[in-house]
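Protein chains in written order, with the working numbering: chain A, 68 to 181; chain B, 28 to 142.
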């Protein structure tokens, strides 16, 4: 596969469940990102990893736990979520350096919390 | 903090016509980058066009062009000869100078191209 892939594409979970979202990039990038996209709101940056180190944590609740085991993979571990956490979660990657630093996005995981 | 405003939640235009999407932003920075991203119904966000703030010349990419007015902090996107495949959400985004990975997005404009 090419580009940025995300699994699963759809996820329904109860508030007591634990689940994980997975992102993989095949672009040789050094930086990876998690965004939350809710209806009628701007994309919200959640986490940034550069060279596998977290460089940004945008005041995200601790029920969201990121993990970046290597530069190609990024996980978002979810536990005891709330219904307001239902949203589209987008992963992105970039070179993390250089003038443009264009971010390439995955297709997203549509999360529904019951 | 930077903010990005897209004042048109929805727009529609006939196929082959020209449409302009507006975007304004607020920053105290002098060097930054601006982007337009497209998110079709399939949801994969893709970059449409980008502009360096220090360049006076407006960026163009085939049918897509921008009108960048730095003093007015305005960054509109013009789509010429619109096609059905242009139907999507369009997001304006801002990034500070080199080395900063944080993109700040607007709320988006839903564009529908009518056959």
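We put the CB at the ideal spot given by N, CA and C, even for glycine. Here the structure is a predicted model, which is why all the values come from computation and not from measurement.
C-beta atoms of residue i and residue j nearer than 8 Å
i: residue 173 of chain B; j: residue 131 of chain B; result: Given that chain B is displayed from residue 28 to residue 142, the structure contains no residue 173 of chain B and the question cannot be resolved.
i: residue 127 of chain A; j: residue 114 of chain A; result: yes
i: residue 60 of chain B; j: residue 88 of chain B; result: no
i: residue 137 of chain A; j: residue 118 of chain A; result: no
i: residue 64 of chain B; j: residue 46 of chain B; result: no
i: residue 175 of chain A; j: residue 90 of chain B; result: no
i: residue 142 of chain B; j: residue 42 of chain B; result: yes
i: residue 140 of chain B; j: residue 109 of chain B; result: yes
i: residue 110 of chain A; j: residue 118 of chain B; result: yes
i: residue 73 of chain A; j: residue 89 of chain A; result: yes
i: residue 44 of chain B; j: residue 124 of chain B; result: no
i: residue 112 of chain A; j: residue 131 of chain A; result: no
i: residue 139 of chain A; j: residue 170 of chain A; result: no
i: residue 108 of chain A; j: residue 134 of chain B; result: yes
Burial state of residue i, where buried means 16 or more other Cβ atoms lie within 10 Å
i: residue 81 of chain A; result: exposed
i: residue 95 of chain A; result: exposed
i: residue 104 of chain A; result: buried
i: residue 112 of chain B; result: exposed
i: residue 128 of chain B; result: buried
i: residue 152 of chain A; result: buried
i: residue 93 of chain B; result: buried
i: residue 150 of chain A; result: exposed
Counterpart residues of residue i in DSSP-defined beta bridges
i: residue 119 of chain B; result: B:63
i: residue 90 of chain A; result: A:73 and A:141
i: residue 134 of chain A; result: A:142
i: residue 115 of chain A; result: A:100 and A:123
i: residue 176 of chain A; result: A:156
i: residue 82 of chain A; result: Per DSSP, none; premise fails for residue 82 of chain A.
i: residue 110 of chain A; result: None, per the DSSP bridge assignment.
i: residue 105 of chain B; result: B:47 and B:92
i: residue 138 of chain B; result: B:38 and B:115
i: residue 181 of chain A; result: Paired residues: none, contrary to the question.
i: residue 148 of chain A; result: Note: residue 148 of chain A sits in no beta bridge, so no partner.
Rounded Cβ spacing between residue i and residue j (contact assumed at less than 8 Å)
i: residue 72 of chain B; j: residue 157 of chain A; result: 7 Å
i: residue 29 of chain B; j: residue 49 of chain B; result: Not confirmed; about 17 Å, so no contact.
i: residue 31 of chain B; j: residue 120 of chain B; result: 7 Å
Proximity test, residue i beta-carbon vs the ligand GDP heavy atom, cut-off 7 Å
i: residue 134 of chain A; result: Only the bare structure without any ligand can be found here, which leaves the ligand GDP out of the picture.
Inside the segment 31 to 93 of chain B only - alpha helix (DSSP H) runs reaching at least 4 residues: The segment 31 to 93 of chain B contains no whole alpha helix (DSSP H) run of 4 or more residues.
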